[in-house]
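**Q**
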Amino acid sequence: MTEQRAPIVVDFPLRGEWIAPNTPGHKTPSHGTDQLGQRYVFDFMRIDWSQPSGYKFFGQSMSSYFTRGVRLDRCFGYRQPIYAPFSGEIVEAEDGTTERDPVHFLRDMFAVYKNAVLLSAKRNHDLRPALGNYIVMKGDQACALFAHAHRGSIRVKAGENVSCGQQLAEVGHSGNSTAPHLHFHLMDSPQILSAEGLPCCFRHYELFERGSWSAVRNGIPGNRDRIRVLD
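Quick note, the sequence shown lines up with residues 311 to 541 if you use the numbering used here.
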């Protein structure tokens with residue numbers, strides 16, 4: 311178990327408006343497990359804020375999602391740029407995993423369950439079925455994992471040095487994903503199978519409350535917070 315410590319301050323890895331359905335600002339472990347260094351994981355997605363509840367992430371009807379599915383290009387966060395939250399070195403950059411298109415509730419839930427069971431049972435070292443297209447980068451204070459990227463979007467390679475704010479990839483729907491989103495967390499080692507999660511907070515973003523935006527410094531979003539980062 312990771313010893314409780316002060317969150318590491320990093321830049322927010324996306325631009326525009328987002329929500330984090332899974333966040334350590336709501337509970338830890340935020341994915342319900344410490345496996346793969348995920349204790350303090352964030353899942354960021356874009357949703358339709360005109361809906362009073364839930365996380366509707368597409369521009370079609372709910373019935374479409376449960377029947378024929380929703381095309382990826384109708385999902386709000388799909389192919390949005392992902393940026394380095396600090397400067398560091400790329401340790402892994404795995405690309406080439408296909409994305410399920412259209413997004414379909416039952417098919418995606420089955421894929422997530424199957425991959426989770428196989429990973430747990432076999433301790434399989436091939437993490438691509440679970441993480442999809444992913445990046446691991448190492449900085450001065452921590453390592454970061456970015457998962458489920460769009461196939462063909464990863465712009466970096468192992469051994470490359472990157473600067474804070476440099477584009478790394480695009481949000482996608484590969485691996486254990488039920489909606490296009492960014493899975494992001496910090497860990498104490500680039501060895502994903504043995505790493506322990508590290509807490510982090512974001513240097514600056516804005517929070518929408520009571521009809522207006524306000525600045526947040528060194529914050530951790532809650533699971534219904536409407537947040538944004540502008541260029």
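Built from N, CA and C at the ideal position, the CB exists for glycine as well.
Using the C-alpha atoms, what's the distance from residue 384 back to residue 365?
**A** Approximately 15 Å, taken between the alpha carbons.
**Q** If you draw a straight line from the C-alpha of residue 311 to the C-alpha of residue 497, how long is it?
**A** Bear in mind that a pLDDT of 43 at residue 311, under 50, signals an unreliable position, so the number given afterwards is only what the model happens to contain. Each residue's Cα considered, the two are about 12 Å apart.
**Q** Assign residue 359 to one of two classes, buried (16 or more other C-beta atoms within 10 Å of its C-beta) or exposed (fewer than that).
**A** So residue 359 counts as exposed.
**Q** When you compare the segment 317 to 326 with the segment 494 to 510, are there three or more beta-carbon pairs, one atom per stretch, that lie closer than 8 Å?
**A** The answer is yes - the segment 494 to 510 touches the segment 317 to 326, with three or more Cβ pairs under 8 Å.
**Q** Between the alpha carbons of residue 462 and residue 395, how many angstroms are there, rounded?
**A** Answer to the nearest angstrom: the Cα atoms are 21 Å apart.
**Q** For residue 409 and residue 378, I'd like the C-alpha separation in whole angstroms.
**A** Looking at the two C-alpha atoms, the distance is approximately 16 Å.
**Q** My understanding is that residue 516 touches residue 537, with C-beta atoms under 8 Å, so please give their C-beta distance in whole angstroms.
**A** That belief holds up - the Cβ atoms of residue 516 and residue 537 are roughly 7 Å apart, short of 8 Å.
**Q** In the DSSP output, which residue or residues are listed as bridge partners for residue 409?
**A** According to DSSP, residue 409 bridges with 484.
**Q** Is residue 509 close to the ligand PLP? I mean its beta-carbon at under 7 Å from any heavy atom of the ligand.
**A** Looking for the ligand PLP in the displayed structure turns up nothing, as the structure carries no ligands at all.
**Q** Just verifying my parser: in three-state terms, what is the DSSP assignment at residue 385?
**A** DSSP places residue 385 in strand when its eight states are reduced to three.
**Q** My understanding is that residue 444 touches residue 459, with C-beta atoms under 8 Å, so please give their C-beta distance in whole angstroms.
**A** Indeed, because the Cβ distance is near 7 Å, the residues count as touching under 8 Å.
**Q** Residue 533 by DSSP, collapsed to three states: which one?
**A** DSSP places residue 533 in coil when its eight states are reduced to three.
**Q** How is residue 311 classed by DSSP in three states: helix, strand or coil?
**A** Because the pLDDT at residue 311 is just 43, under 50, the model does not fix this residue reliably, and the value given afterwards should be weighed accordingly. Residue 311: coil per DSSP, three-state reduction.
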